[in-house]
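S.K.: Residue numbers (UniProt numbering): 1 to 499.
1) If you draw a straight line from the alpha carbon of residue 488 to that of residue 90, how long is it in whole angstroms?
2) What do you get for residue 110, buried or exposed, if any count of 16 or more other CB atoms within 10 angstroms of its CB means buried?
3) Does residue 168 have its Cβ less than 7 angstroms from a Cβ in chain B?
4) Measure the CB-CB distance between residue 425 and residue 407 and report whether it falls below 7 angstroms.
5) Can you give me the C-alpha to C-alpha distance between residue 17 and residue 444, rounded to a whole angstrom?
6) Helix or strand or just coil, what does DSSP make of residue 446?
7) Can you give the beta carbon distance from residue 418 to residue 446, rounded, assuming they're within the 8 angstroms contact cut?
8) Would you give the residue range spanned by the alpha helix (DSSP H) that residue 192 belongs to?
9) Can you tell me whether residue 502 is helix, strand or coil according to DSSP?
10) How long is the line joining the alpha carbons of residue 117 and residue 483, rounded to whole angstroms?
11) When the Cα of residue 32 is compared with those of 13, 42, 136, which residue comes out closest?
12) How many angstroms separate the CA atom of residue 441 from the CA atom of residue 75?
13) In terms of DSSP beta bridges, what is residue 213 paired with?
14) With distances taken Cα to Cα, identify the nearest neighbour of residue 197 among 84, 227, 236.
15) Contact between the stretch 323-330 and the stretch 136-151: three or more CB pairs below 8 angstroms?
16) Check residue 1 in the structure and name its three-state DSSP category.
17) Along the chain, where does the alpha helix (DSSP H) that runs through residue 148 open and close?
18) According to the neighbour-count rule (16 or more other Cβ atoms, all chains shown, within 10 Å of its Cβ), is residue 58 buried or exposed?
19) Are the CB atoms of residue 278 and residue 396 within a distance shorter than 7 angstroms?
20) Could you give the first and the last residue of the continuous beta strand (DSSP E) run that contains residue 185?
21) Could you pull the DSSP bridge partners for residue 111 from this structure?
22) Check whether the stretch 30-49 and the stretch 120-135 are in contact - that is, three or more C-beta pairs closer than 8 angstroms.
23) Give the single residue among 194, 81, 174, 199 whose Cα lies nearest to the Cα of residue 187.
24) Taking contact to mean at least 3 C-beta pairs separated by less than 8 angstroms, is the stretch 247-262 in contact with the stretch 280-292?
25) If I'm right that residue 469 touches residue 451 with Cβ under 8 angstroms, what's the distance once you round it to whole angstroms?
26) Where does the unbroken beta strand (DSSP E) through residue 259 begin, and where does it stop?
27) Could you tell me the distance, in whole angstroms, from the CA atom of residue 10 to the CA atom of residue 349?
28) With a threshold of 16 other CB atoms inside 10 Å of the CB of residue 181, please say whether the residue is buried or exposed.
29) Going by DSSP, what residues sit across from residue 161 in a beta bridge?
30) Please classify residue 436 as buried or exposed, where buried requires at least 16 other C-beta atoms within 10 Å of its C-beta.
31) If we count Cβ pairs, one from each stretch, closer than 8 angstroms, do we get three or more for the stretch 379-390 versus the stretch 350-367?
32) In this structure, how does DSSP classify residue 167 when only helix, strand and coil are distinguished?
33) Can you tell me whether DSSP reads residue 33 as helix, strand or coil?
34) Take residue 97 as the anchor and find which of 168, 68, 455 has the nearest alpha-carbon.
35) Using CA coordinates, which residue listed in 56, 323, 224 is at the minimum distance from residue 72?
36) Taking all protein chains shown into account, do 16 or more other C-beta atoms lie within 10 angstroms of the C-beta of residue 354, making it buried, or fewer, making it exposed?
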């Protein structure tokens, strides 16, 4: 196993489609990488040399074979699991662990080690294989992982523990109508899966009016049998006295709950509803964010687990800092999932303000368009903050930079709804991505600009197939003509999507 003694300093932003990375080493050399956020490398198969050897075209810029052990997948094709046995960089020959029984020539493929996208970027820059130890890494990370999980309803199944008598607190909310002109009000589905009422009561001054009665262990066992191991705890007037919340938290952890979010640790405020809403969001995102950061930290060797002592030891050689929605960096061990919702965009605003100052400008409008969304913010000699945040149908009471986001980006889907042309808000993401990525995706804004000749396919960094974009455009044109009984010019449709 090789050991690289050079220290690397990474700044990484993971979005819904791409992960961007800038790094420098202790000698002052600078590096840049852009990888897909689903943590894959893609290429084209040019020729099949023998049963297991393929001539490929790729843009990975490898200096040595570091992809041994990666899984090999042909896009839009089901096949048995195959690994990369070795890669000849000079001849661009990829040797597989076993042959595949179908024609591979002119097919697109991807390889992955199923690591998080920031780790893939780190391996590419440091040229470190799966068998080798990564060098010391100092990483600063921004991510939209939490935002995407919230918007796509991919958080955890959670249970909400609340003071008895307030079971419907989150259902009632503020009783404000989201749309005062709506004839039929449709309430969003709650983030929590179940509610458990806790017998206890504190006065407005934090005095114990009713002693705490811990939940029945049978209830906890039933919850765990349903796959619920993440909990949110918010009790009445606990901001004055957190003792009951802490007792409930300790009780849940002792009985097998993996993630327990407590309101007084997250938003110790007088208002019960915002405190409870913030706690539920944090619990909903905790498994997603904590697993994500834990996977990165372990690979970087920021932490070392000792199973015999059930402790986590912090190591000095590497560290991982995460950008919060408020634009500050915190150690990964102290990061709260609720602060991840504007993590990536906040880093962009902070970076823009620094560049602006260096350029002699203290009044800025920042514009950050990615594959999934576009974020806009204002900087006028100081940052603008907000303390109540709405992401999708969720509310959070926590400091964040004032950033306006719209669901429009390079991966926004372009389609016909039966009456008009539409763009977004859904995105193709990193997988399958735009149609031109060759992974079976639908028509997107990226495809539109490629077909209009506004994009250079050679600059993408991944294989691009204009014919796949044309195929999706033809399908759309046929759909429009079928439903409207009128013929449409391809270029008119393309330009209409851009207007």
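Yeah, the Cβ is synthetic: ideal placement off N, Cα and C, and Gly gets one too.
M.R.: Concretely, from the data shown:
1) Position 488 of the chain shown, counted from the start, is the residue given in the question as residue 488. Position 90 of the chain shown, counted from the start, is the residue given in the question as residue 90. C-alpha separation (whole angstroms): 48 angstroms.
2) Mapped onto the chain shown, residue 110 falls at position 110. Looking at its Cβ environment, which holds 16 or more other Cβ atoms inside 10 Å, residue 110 is buried.
3) Going by chain labels, chain B is absent from the structure shown, which holds only one protein chain.
4) Numbered from its first residue, the chain shown carries residue 425 at position 425. Numbered from its first residue, the chain shown carries residue 407 at position 407. Yes, these two residues count as a Cβ contact at 7 angstroms.
5) The residue you call residue 17 lines up with position 17 of the chain shown. The residue you call residue 444 lines up with position 444 of the chain shown. Just so you know, the alpha carbons of residue 17 and residue 444 end up roughly 13 angstroms apart.
6) Translated into positions along the chain shown, residue 446 becomes position 446. In the structure shown, residue 446 sits in a helix (DSSP, three-state: H, G or I).
7) The sequence position of residue 418 within the chain shown is 418, counting from 1. The sequence position of residue 446 within the chain shown is 446, counting from 1. The pair is not a contact, with the Cβ atoms about 24 angstroms apart (cut-off 8 angstroms).
8) To locate residue 192, count along the chain shown from 1; it is residue 192. Element bounds for residue 192: n/a, residue is neither H nor E.
9) Not covered by the structure: residue 502. The range shown for the chain is 1 to 499.
10) One-based indexing of the chain shown puts residue 117 at position 117. One-based indexing of the chain shown puts residue 483 at position 483. Rounded to whole angstroms, residue 117 to residue 483 spans 42 angstroms at the Cα level.
11) The count along the chain shown starts at 1 and reaches residue 32 at position 32. When only C-alpha atoms are compared, the closest one is 13.
12) By 1-based counting over the chain shown, the position of residue 441 is 441. By 1-based counting over the chain shown, the position of residue 75 is 75. Those two C-alpha atoms are separated by around 11 angstroms.
13) For the purposes of this step, residue 213 is identified with residue 213 of the chain shown, where counting begins at 1. In DSSP, residue 213 forms a bridge with 199.
14) To locate residue 197, count along the chain shown from 1; it is residue 197. Of the listed residues, the one whose Cα sits closest to residue 197 is 236.
15) yes
16) The residue given as residue 1 occupies position 1 in the chain shown. Low confidence applies here, because residue 1 scores a pLDDT of 43, under 50, leaving its location unreliable; read the following figure in that light. Coil, per DSSP.
17) As a working note, residue 148 is residue 148 in the chain shown. Start and end: 145-151.
18) Along the chain shown, one-based indexing puts residue 58 at 58. Answer is buried; the Cβ neighbour count reaches 16.
19) Here residue 396 refers to the residue found at position 396 of the chain shown. Here residue 278 refers to the residue found at position 278 of the chain shown. For residue 396 and residue 278, yes; Cβs fall inside 7 angstroms.
20) Here residue 185 corresponds to residue number 185 of the chain shown, with the count starting at 1. Careful: residue 185 lies outside any beta strand (DSSP E) and carries neither H nor E.
21) Translated into positions along the chain shown, residue 111 becomes position 111. 41, 72.
22) yes
23) Position 187 of the chain shown, counting from 1, holds the residue named residue 187. Nearest of 194, 81, 174, 199 to residue 187, Cα basis: 174.
24) With the cut-off at 8 angstroms, the stretch 247-262 and the stretch 280-292 touch.
25) Position 469 of the chain shown, counting from 1, holds the residue named residue 469. Position 451 of the chain shown, counting from 1, holds the residue named residue 451. With 8 angstroms as the limit, residue 469 and residue 451 qualify as a contact, their Cβ atoms being about 6 angstroms apart.
26) For this step, residue 259 is matched to residue 259 along the chain shown. Segment 259-262, the beta strand (DSSP E) holding residue 259.
27) For this step, residue 10 is matched to residue 10 along the chain shown. For this step, residue 349 is matched to residue 349 along the chain shown. Roughly 18 angstroms separates the two Cα atoms.
28) Within the chain shown, the letter at position 181 stands for residue 181. That one is exposed.
29) Here the question's residue 161 lines up with position 161 in the chain shown. Answer by DSSP bridge pairing, in chain order: 196, 233.
30) Along the chain shown, read from residue 1 onward, the residue named residue 436 stands at position 436. Burial call: buried.
31) yes
32) The count along the chain shown starts at 1 and reaches residue 167 at position 167. Of the three classes helix, strand and coil, the one that applies to residue 167 here is coil, per DSSP.
33) On the chain shown, residue 33 is found 33 positions in, with the first residue counted as 1. Looking at residue 33 - three-state DSSP - the assignment turns out to be strand.
34) What you label residue 97 is simply residue 97 of the chain shown in a count that begins at 1. It is 68 whose Cα lies nearest to the Cα of residue 97.
35) Reading the chain shown from its first residue, position 72 is the one you call residue 72. Minimum Cα distance to residue 72 is reached at 56.
36) In the chain shown, the residue the question calls residue 354 occupies position 354. By the neighbour-count criterion, in which 16 or more other beta carbons inside 10 Å mark a residue as buried, residue 354 falls on the exposed side.
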